[in-house]
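Heads up: the sequence shown begins at 1 in the working numbering, then just goes up one per residue.
Let me begin by presenting the structure, written as structure tokens, before commenting on it.
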Amino acid sequence: MNEIINTHELDKIANTADEKHIFLNTFIIDRLPFFNVEIYFSQDLWDFNDYIPEMGPYKKKYDFSKIHYAYKDYVKRYILELLINEKSVSSISKYLGYASKIVLFFINKNIFNPTFVTISHINDFNEYLKERYSTESERRHNRRILITILKYIERDKSVDFSYEREILDETDTELLKQQIENGKTPNIPYEIYENIISVGIKEINSAETSDKEKIEASTVVLLSQVGMRIHELALCKSGKKVSITCFDNTKAVNYLEFTTFKSERQRSRGKITKSFLTPIGELAYDTLEKLTRENRAKAKIKSDFIFANPSSIYPYSTQTLNHMLQRFMVRNSCKLDLINKRYDGFSIFTLKRNKKEGIVKPEYCQHLKDVDTVAIPTPRQFRVAVCNELIRQGKDIGWVMQHMNHLLIETTEHYVRNDEREKEKAKGILHDILTGEFKLIGEEAEVFLEGIDRFLEEKKFNVKYDLAQIIDELVEIVPIREKSGGYCIKSAFGRKCTKNEFLCAFEMCPNHCTSFLYADITYKRFNECLKVIEYNKANNYIAQAEVESRKLQRLVKRDLMQELEELYNEIRKHGKDTIISKHKNLKHIADNISEIMGEVRPWLTY
1 MNEIINTHEL
11 DKIANTADEK
21 HIFLNTFIID
31 RLPFFNVEIY
41 FSQDLWDFND
51 YIPEMGPYKK
61 KYDFSKIHYA
71 YKDYVKRYIL
81 ELLINEKSVS
91 SISKYLGYAS
101 KIVLFFINKN
111 IFNPTFVTIS
121 HINDFNEYLK
131 ERYSTESERR
141 HNRRILITIL
151 KYIERDKSVD
161 FSYEREILDE
171 TDTELLKQQI
181 ENGKTPNIPY
191 EIYENIISVG
201 IKEINSAETS
211 DKEKIEASTV
221 VLLSQVGMRI
231 HELALCKSGK
241 KVSITCFDNT
251 KAVNYLEFTT
261 FKSERQRSRG
271 KITKSFLTPI
281 GELAYDTLEK
291 LTRENRAKAK
301 IKSDFIFANP
311 SSIYPYSTQT
321 LNHMLQRFMV
331 RNSCKLDLIN
341 KRYDGFSIFT
351 LKRNKKEGIV
361 KPEYCQHLKD
371 VDTVAIPTPR
381 QFRVAVCNEL
391 IRQGKDIGWV
401 MQHMNHLLIE
411 TTEHYVRNDE
421 REKEKAKGIL
431 HDILTGEFKL
441 IGEEAEVFLE
451 GIDRFLEEKK
461 FNVKYDLAQI
471 IDELVEIVPI
481 REKSGGYCIK
491 SAFGRKCTKN
501 EFLCAFEMCP
511 NHCTSFLYAD
521 ITYKRFNECL
531 KVIEYNKANN
541 YIAQAEVESR
551 KLQRLVKRDL
561 MQELEELYNE
571 IRKHGKDTII
581 SKHKNLKHIA
591 DNISEIMGEV
601 RPWLTY
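What follows is the structure, given as structure tokens:
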């Protein structure tokens, strides 16, 4: 019989779980071990709305009603462990979503008794993850959640899932590192970042701008100075500018206090943190505090939220703040040079979409044609920009870590973008394309190369004489990143598609181009796909084998066969030894080029 946890045990769990990261015992917990919350383990809805009022629009409910009863308690224990260890609300919500889909996977396999999970099911699960999630990080999160659930089942049902957990514990660390690197939020180009600040200050100080426009400008400028997360900005309060004196009381320094939910402790409740205010940041905060005073007074309950919503006890949402950012950028798009430009990571504003959503007033769009687009940096990019600007100014990395409210220096280092290094790499790639060092391969390559030809013709450039100037100009309008297995070239000459911003992930990048230089990497992927197909066929997973076969055919048609043919031509032109001496990674391919082409060619007509 399951026992009910008593008050003493509740206290023990609540006060020791975070330090020891303990697993909960296999008893059913009645009331959850949080002394300001009357929520019960047996309930299908854990509603924390009334217990975390300072979270405003970021309050959370955890709904277990759609999870099959055979797995429900294990998922609840997992979520309770996250709550006890004070993980962030957004993380818990995301992991509950993952856990729900994991349970659904096993139910769809007709595994209604969790003890019947086998190694075969785990292998199927890993294949399912490859299909459903594009990144190794997401797949790893799902595997770790299942490992935890299996541990609960082991303890509850006296079964042994050690081998299954061992399989799930395998991670492709190289792929993970590459995807983390590729997935970094791009920085805002320095000139644009500086212009945003300059234009924002002018709007704040101008007698011609409305109070609403000043509020929007101040919001953007504050983001550019403090680098707050967007939800931290939404929860920012009045009266939180604090002044301290230093250097024997000869100098005053101001900092801003605000609530964060990204700390190691108390992530479910938030804690007060601080960041120093530059004079520009102080101007933005003071302006916001002054111009929102009337709004705060109108709120249903007297509020000190800067972005108080008169019709609610909570402040305006992050979506409202994002709309402020869009309005500021669109009305200043000429001054900021954002019209019909493509900047890495920026979202794209169109008049067509605005007619549906009505975010930006028509008078702010009068300078735009129907076909025009406006590139808009995201709030997260401002955070990256602040971090990099502080590093550029020579600030100590430890100081920057504190200003950014990072827990680890490694996190701050992850934010640092070496724009010059990336630009030099891009210049090298453009040089090799323009001089014919290699032929660009890929679905978008032809569009890109035609665009370059038009660019050269319009500018009346000659590659032979103007190469350096051509590269300098192209590198500013064609974002190029070297990635594992090729390049991501977001060509300014290609089709503009906002969906591309979401698809530009490992192996799903619509802007992917390659060359014979990457034949070894693509051939390795070819062999890995073959192994997966053979495994699926051997285990009679016919449908999955068919899916993998189609993926392999696409890889061969899109990349590998063209890379091999181009390498073959280069060998005929320059000799095998010359190619190997310049590109040692291609030795095995070059030595066996005919055999490998014969091995790959049948997949063209699969």
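For each residue, glycine too, the CB sits at the ideal point set by N, CA and C.
All values derive from a computational prediction rather than experimental measurement.
Under 8 Å between C-beta atoms of V631 and A99: No answer is possible for residue 631: it lies beyond the span of the chain, which begins at 1 and ends at 606.
DSSP-derived helix/strand/coil call for P189: The DSSP-derived three-state label of P189 is coil.
Cβ pair A519, I589 closer than 8 Å: yes
Inter-stretch contact at 8 Å, needing at least 3 Cβ pairs: the region 278-289 / the region 200-219: yes
Nearest neighbour of E173, chosen from T135, A375, I102 and D304 [CA to CA]: Just to set this straight, residue 173 is Thr in the shown sequence, not Glu. Closest option to T173, Cα to Cα, is T135.
CA nearest to the CA of R572, picked from Q562, Y69 and I593: I593
Helix, strand or coil at R342 [DSSP, three-state]: coil
Distance between E446 and R601 (C-alpha atoms, nearest Å): 23 Å
Span of the alpha helix (DSSP H) around K308: Sequence inspection shows Ala at residue 308; the Lys mentioned does not correspond to that position. Careful: A308 lies outside any alpha helix (DSSP H) and carries neither H nor E.
Distance between V242 and E410 (C-alpha atoms, nearest Å): 29 Å
Closest residue to H403 among G227, A297 and P377 (Cα-Cα distance): From the listed residues G227, A297 and P377, the smallest Cα separation to H403 is found for G227.
Rounded separation between F105 and F125 - CA only: 8 Å
Beta-carbon proximity check, L631 vs N254, cutoff 8 Å: Since the first residue of the chain shown is 1 and the last is 606, residue 631 is not available in this structure.
Cβ separation of L517 and K557, assumed to be a contact under 8 Å, to the nearest whole Å: Going by Cβ atoms, the distance from L517 to K557 rounds to 19 Å, so no, they are not a contact pair.
Extent of the continuous beta strand (DSSP E) to which C488 belongs: G486 to I489
Any non-hydrogen atom of the ligand FAD within 7 Å of F328 CB: For the ligand FAD, the structure offers nothing, since it holds no ligand at all.
Inter-stretch contact at 8 Å, needing at least 3 Cβ pairs: the region 385-405 / the region 356-364: The region 385-405 is not in contact with the region 356-364.
Given 8 Å, three or more beta-carbon pairs between the region 150-167 and the region 298-310: no
Limits of the beta strand (DSSP E) - the one that A375 falls within: T373 to I376
DSSP state of F161 mapped onto helix, strand, coil: coil
Classification of I313 by the beta-carbon crowding that lies within 10 angstroms, buried from 16 upward: With fewer than 16 other Cβ atoms within 10 Å, it is exposed.
Close-in-space but distant-in-sequence residues of the same chain around M597 (CB under 8 Å, 5 per side omitted): Taking C-beta separations shorter than 8 Å and ignoring five residues to either side along the sequence, the partners of M597 in its chain run M561, L564, E565 and Y568, following chain order.
Expected contact under 8 Å - CB spacing of I188 and Q43 to nearest Å: Their Cβ separation, rounded to whole angstroms, is 46 Å, which puts I188 and Q43 out of contact at 8 Å.
Start-to-end residues for the beta strand (DSSP E) that takes in S347: S347 to T350
Boundaries of the alpha helix (DSSP H) in which L567 is found, first to last residue: M561 to H574
Cβ shell of I452 (< 8 Å), same chain only, five flanking positions each side left out: I433, L434, L474 and F493
Pairwise C-alpha distance: G428 and L325: If you take the alpha carbons of L325 and G428, they lie about 35 Å apart.
Cβ pair L129, N142 closer than 8 Å: yes
Proximity below 8 Å, CB of S515 to CB of F461: Result no, Cβ atoms of S515 and F461 do not sit closer than 8 Å.
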